[in-house]
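Line by line, the protein sequences give chains A and D. Numbering that gives the first Met the number 0 numbers the first residue of the first sequence as 0 and each following residue consecutively. Numbering that gives the first Met the number 0 numbers the first residue of the second sequence as 0 and each following residue consecutively. Here a beta-carbon is modelled for each residue, glycine too, at the ideal position from N, C-alpha and C. Small disclaimer: the values here were computed from a predicted structure and weren't measured. In what follows, a structure is listed as structure tokens, so that the remarks can point back to it.
Number of protein chains: 2
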Amino acid sequence: MMHKTISLADQIFERLESDILTGVYPIGSVLTELSLSEDLGVSRTPIREAVRRLEQEHLVEPSSKGVVVLSITPHDAMIIYDIRIQVEGLAARACAENITDEQLAEMKELLELQEFYIKKADSEKIKNTDSQFHQMIYQFAGSPVYYDTLAPLHNKTQKFRKASVARSGKAVNSHQEHHDIYRAIAARDPDAAELAMKRHVEEAKKRLAELAEI
Amino acid sequence: MMHKTISLADQIFERLESDILTGVYPIGSVLTELSLSEDLGVSRTPIREAVRRLEQEHLVEPSSKGVVVLSITPHDAMIIYDIRIQVEGLAARACAENITDEQLAEMKELLELQEFYIKKADSEKIKNTDSQFHQMIYQFAGSPVYYDTLAPLHNKTQKFRKASVARSGKAVNSHQEHHDIYRAIAARDPDAAELAMKRHVEEAKKRLAELAEI
DNA sequence: TCATGGATATATGCATACAATTATACTCGC
DNA sequence: GCGAGTATAATTGTATGCATATATCCATGA
Chain A
0 MMHKTISLAD QIFERLESDI LTGVYPIGSV LTELSLSEDL GVSRTPIREA
50 VRRLEQEHLV EPSSKGVVVL SITPHDAMII YDIRIQVEGL AARACAENIT
100 DEQLAEMKEL LELQEFYIKK ADSEKIKNTD SQFHQMIYQF AGSPVYYDTL
150 APLHNKTQKF RKASVARSGK AVNSHQEHHD IYRAIAARDP DAAELAMKRH
200 VEEAKKRLAE LAEI
Chain D
0 MMHKTISLAD QIFERLESDI LTGVYPIGSV LTELSLSEDL GVSRTPIREA
50 VRRLEQEHLV EPSSKGVVVL SITPHDAMII YDIRIQVEGL AARACAENIT
100 DEQLAEMKEL LELQEFYIKK ADSEKIKNTD SQFHQMIYQF AGSPVYYDTL
150 APLHNKTQKF RKASVARSGK AVNSHQEHHD IYRAIAARDP DAAELAMKRH
200 VEEAKKRLAE LAEI
């Protein structure tokens, strides 16, 4: 009997990550292992493990007392986008070269789901599917190096992106760009995939820059 | 009194990381928390923490029993270089825009030191200064994003690079390229800096590819 | 002989207890 | 009233114990 049991540490990490990115724990707030373990009703052990992972992803930073929730400056966000433009371009290219039919089908399904949420103007779900699309690219690119490099960068821009996608018109643009990327990958055209991805991340950067009035 | 006390978990992580990268624990070998705690004479708690970090860096992989030591495939190494070509290019550009005079002086000093070691053919020191030069670029680029992204990638290619630099002739090439980068940064010429860095990492990739007979 | 099932050993996941460090608050002396 | 020094509290680091899941080995039966 293959009972898939997810460890408490993993669950807590995901919850804390999400709560930080969505602002439940505001920037600058302090988290201690003890208070978290009381809040979440578990011992410090799995909390510690989760917090260590948050540290590695630079979502929190050790301080004299506990860890403090970090933010990124608009400047950092712009740099992250510059890096993503280049590296996600490479990842999309690798995807076009390596993706399997099953993975392609999965990707298509996700795009259809996103279309559905766009029609319903459910910005929270739109944001989620958006993230999932990019993470699929990272995972289907054929080397864990892509995911390891890009996932933390992507995470760090989440809260900026949230505001960006909330404007429904922009979400449609983004979805169209995703579809362009998908088509290039489905056609196994690395050049087109890289170009489409680079354009997409560049547009995302522009949308953010406008919004943040940088 | 500022007594810097390094946690056991940190020490163990560094030791295990080094031992894996240098082959003390060969690829495919299995490590269990219990055996490690007995070997190193500490409890499982700091071992666990270190092993989790190794997992995140993909140096080991969970298996049915303990974790298995992974290797970086030559394919992954090539991908890492492709990413570094792009991102270190951006970092060098940012460096040229942001570096202070003091930092510049520090960089120059390091290059002179490297020249000294090259004359002495001390390949270990050459390797060290080489790493330091790149890490300086990451640090002087004006945003922690560069360091966070590039340092892990740089680390992962260390053992390949070691073999590469051991060939003294190549080390001289590499040093010349470093000097080109330095000159462009010193001249505050972002375009030249980016170009020089990209060329340098490309050459490093080629040197490795030849050596690894990929 | 080989498959099957259960006992045993081994591993991890989590909780808890303790030690040690660091921050905080308080008191005493000036 | 204010600063220094000390006591106290809070927090992390580490060890240990227990529960649970999994693998291994052995015995038993067809």
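| field | Bridge-paired residues (DSSP) for D:K30 | value | For the purposes of this step, residue 30 of chain D is taken as the residue at position 31 of the second sequence. The amino acid at residue 30 of chain D is misidentified as Lys; the sequence shows Leu. DSSP output for D:L30 lists D:V66 as bridge partner(s).
**Prompt:** Going by DSSP, which residues form a beta bridge with A:V59?
**Reply:** Taking the first residue of the first sequence as 1, we reach residue 59 of chain A at position 60. In the DSSP output, where bridge partners are listed per residue, A:V59 has A:V68.
**Message:** Whether or not the stretch 179–194 of chain D and the stretch 93–113 of chain D are in contact is what I'm after, with contact meaning three or more pairs of Cβ atoms, one per stretch, closer than 8 Å; do they touch?
**Reply:** Verdict: yes, contact present.
To the nearest angstrom, how far is it from the Cα of D:I78 to the Cα of A:V144? Numbered from its first residue, the second sequence carries residue 78 of chain D at position 79. Numbered from its first residue, the first sequence carries residue 144 of chain A at position 145. Roughly 7 Å separates the two Cα atoms.
Between the alpha carbons of D:I46 and D:F12, how many angstroms are there, rounded?
Here residue 46 of chain D refers to the residue found at position 47 of the second sequence. Here residue 12 of chain D refers to the residue found at position 13 of the second sequence. In a straight line, the C-alpha of D:I46 is about 8 Å away from that of D:F12.
**OP:** For D:E56, collect the residues of the same chain with a Cβ closer than 7 Å to its Cβ; drop the 5 residues on either side in sequence, then sort them by chain order.
**Re:** Here residue 56 of chain D refers to the residue found at position 57 of the second sequence. The answer, listed in chain order, is P151.
Note to self: Quick check on this structure: which residue in A:T128, A:E176 and A:A140 has the alpha carbon closest to the alpha carbon of A:A203?
What the structure shows: The sequence position of residue 203 of chain A within the first sequence is 204, counting from 1. Comparing Cα positions, the closest option is A:E176.
Legend entry - N- and C-terminal bounds of the alpha helix (DSSP H) containing D:V86: Counting from 1 along the second sequence, the entry for residue 86 of chain D is found at position 87. Segment P73 to N97, the alpha helix (DSSP H) holding D:V86.
Inter-residue spacing [alpha-carbon to alpha-carbon] between A:M81 and A:P189 = Walking along the first sequence from the start, residue 81 of chain A turns up at place 82. Walking along the first sequence from the start, residue 189 of chain A turns up at place 190. At residue 81 of chain A the sequence reads Asp, which differs from the Met that was named. Cα to Cα, the separation comes out at about 20 Å.
**Prompt:** Do A:T31 and A:G65 have their C-beta atoms closer together than 7 Å?
**Reply:** The sequence position of residue 31 of chain A within the first sequence is 32, counting from 1. The sequence position of residue 65 of chain A within the first sequence is 66, counting from 1. Yes, the pair counts as a contact, with Cβ atoms nearer than the cut-off.
Could you tell me whether the Cβ of D:Q85 comes closer than 7 Å to any Cβ of chain A? The sequence position of residue 85 of chain D within the second sequence is 86, counting from 1. Yes, its Cβ sits closer than 7 Å to a Cβ of chain A.
>> If you measure between the beta carbons of D:V29 and D:V67, is that distance less than 7 Å?
In response: Against the second sequence, residue 29 of chain D aligns to sequence position 30. Against the second sequence, residue 67 of chain D aligns to sequence position 68. The answer is yes: Cβ separation under 7 Å.
### Task
Quick one: which residues of the stretch 124–148 of chain D get their C-beta closer than 9 Å to a C-beta of chain A? List them in chain order.
Answer set for the stretch 124–148 of chain D: A140, G141, S142, P143, V144, Y145, D147 and T148.
Proximity winner among A:I180, A:E201, A:H199 and A:V200, relative to A:A191 (alpha-carbon distances):
Walking along the first sequence from the start, residue 191 of chain A turns up at place 192. The shortest Cα separation from A:A191 among A:I180, A:E201, A:H199 and A:V200 belongs to A:I180.
Report task. Could you name the residues of the stretch 64–97 of chain D whose beta carbon sits closer than 7 Å to any beta carbon of chain A, in the order they occur along the chain? Result -> For the stretch 64–97 of chain D, which is checked against every Cβ of chain A, the residues closer than 7 Å are H74, D75, I78, I79, D81, I82, Q85, V86 and L89.
request  = Kindly indicate which three-state DSSP category D:S142 falls into: helix, strand or coil?
outcome  = Numbered from its first residue, the second sequence carries residue 142 of chain D at position 143. Coil at D:S142, not helix or strand.
Next on the checklist: I want to see whether chain A comes within less than 7 Å of D:H57, judged by CB atoms only; does it?
Outcome noted: Translated into the one-based positions of the second sequence, residue 57 of chain D becomes position 58. Yes, its Cβ sits closer than 7 Å to a Cβ of chain A.
(request) Assign D:S173 to buried or exposed, taking buried as 16 or more other Cβ atoms, counted over all protein chains shown, within 10 Å of its Cβ. (result) Within the second sequence, numbered from 1, the residue matching residue 173 of chain D stands at position 174. Looking at its Cβ environment, which holds 16 or more other Cβ atoms inside 10 Å, D:S173 is buried.
| query | Along chain A, which residues have their Cβ under 8 Å away from the Cβ of D:R14? | reply | As a first step, residue 14 of chain D is located in the second sequence; it is residue number 15 there, counting from the start. Within 8 Å Cβ-Cβ: nothing; D:R14 doesn't reach chain A, min ~17 Å.
D:P189 in three-state terms, based on DSSP = Indexing the second sequence from 1 puts residue 189 of chain D at position 190. DSSP places D:P189 in helix when its eight states are reduced to three.
Checklist entry - What residues of chain D sit near A:R51, judged by a beta carbon separation below 8 Å? => result Indexing the first sequence from 1 puts residue 51 of chain A at position 52. The contacting residues are E48, R51 and R52.
**Report entry** Cβ-Cβ separation, A:H153 to A:H133 (assumed contact under 8 Å), whole Å
**Finding:** If you number the first sequence from 1, residue 133 of chain A lands on position 134. If you number the first sequence from 1, residue 153 of chain A lands on position 154. That belief holds up - the Cβ atoms of A:H133 and A:H153 are roughly 6 Å apart, short of 8 Å.
Quiz item: Grouping DSSP H, G and I as helix and E and B as strand, with all else coil, what is A:A150?
Solution: Walking along the first sequence from the start, residue 150 of chain A turns up at place 151. Three-state DSSP puts A:A150 in a helix.
Discussion item. Given this structure, state the Cα-to-Cα distance separating D:R14 from A:A208, to the nearest angstrom.
Written reply: Taking the second sequence and counting its residues from 1, the one referred to as residue 14 of chain D is at position 15. Taking the first sequence and counting its residues from 1, the one referred to as residue 208 of chain A is at position 209. Between D:R14 and A:A208, the C-alpha separation is close to 43 Å.
Beta-carbon spacing of D:Q131, D:L103 below 7 Å:
The residue you call residue 131 of chain D lines up with position 132 of the second sequence. The residue you call residue 103 of chain D lines up with position 104 of the second sequence. Taking 7 Å as the Cβ cut-off, D:Q131 and D:L103 do not qualify as a contacting pair.
ask   = Just reading off the alpha helix (DSSP H) that A:I117 is part of, what are its end residues?
value = As a working note, residue 117 of chain A is residue 118 in the first sequence. Per DSSP, A:I117 belongs to the alpha helix (DSSP H) from D100 to K119.
*Taking the alpha-carbon positions, what's the D:Y146 to A:K118 distance?*
Taking the first residue of the second sequence as 1, we reach residue 146 of chain D at position 147. Taking the first residue of the first sequence as 1, we reach residue 118 of chain A at position 119. The alpha-carbon of D:Y146 is positioned some 41 Å away from that of A:K118.
So D:L152 contacts chain A; which residues on that side make the cut at Cβ distance below 8 Å? The sequence position of residue 152 of chain D within the second sequence is 153, counting from 1. Correct list: V144 and T148.
* To do: Assign D:S163 to one of three DSSP states: helix, strand, or coil.
  => Here residue 163 of chain D refers to the residue found at position 164 when the second sequence is read from its first residue. Confidence at D:S163 is low in this model, with a pLDDT of 49, below 50, so its placement is unreliable and no value can be given for it.
- Task: Buried or exposed for D:S142, please, with buried defined as at least 16 other CB atoms from any protein chain shown within 10 angstroms of its CB.
- Result: Counting from 1 along the second sequence, the entry for residue 142 of chain D is found at position 143. Flag for D:S142 reads buried.
Could you tell me the alpha carbon to alpha carbon distance between A:K197 and A:I84, rounded to whole angstroms?
Taking the first residue of the first sequence as 1, we reach residue 197 of chain A at position 198. Taking the first residue of the first sequence as 1, we reach residue 84 of chain A at position 85. So the two alpha carbons sit approximately 5 Å from each other.
Starting from the C-beta of A:T148, find all residues in its chain whose C-beta is less than 7 Å away, skip the five residues before and the five after it, and write them out in chain order. Within the first sequence, the letter at position 149 stands for residue 148 of chain A. Correct list, in chain order: V86.
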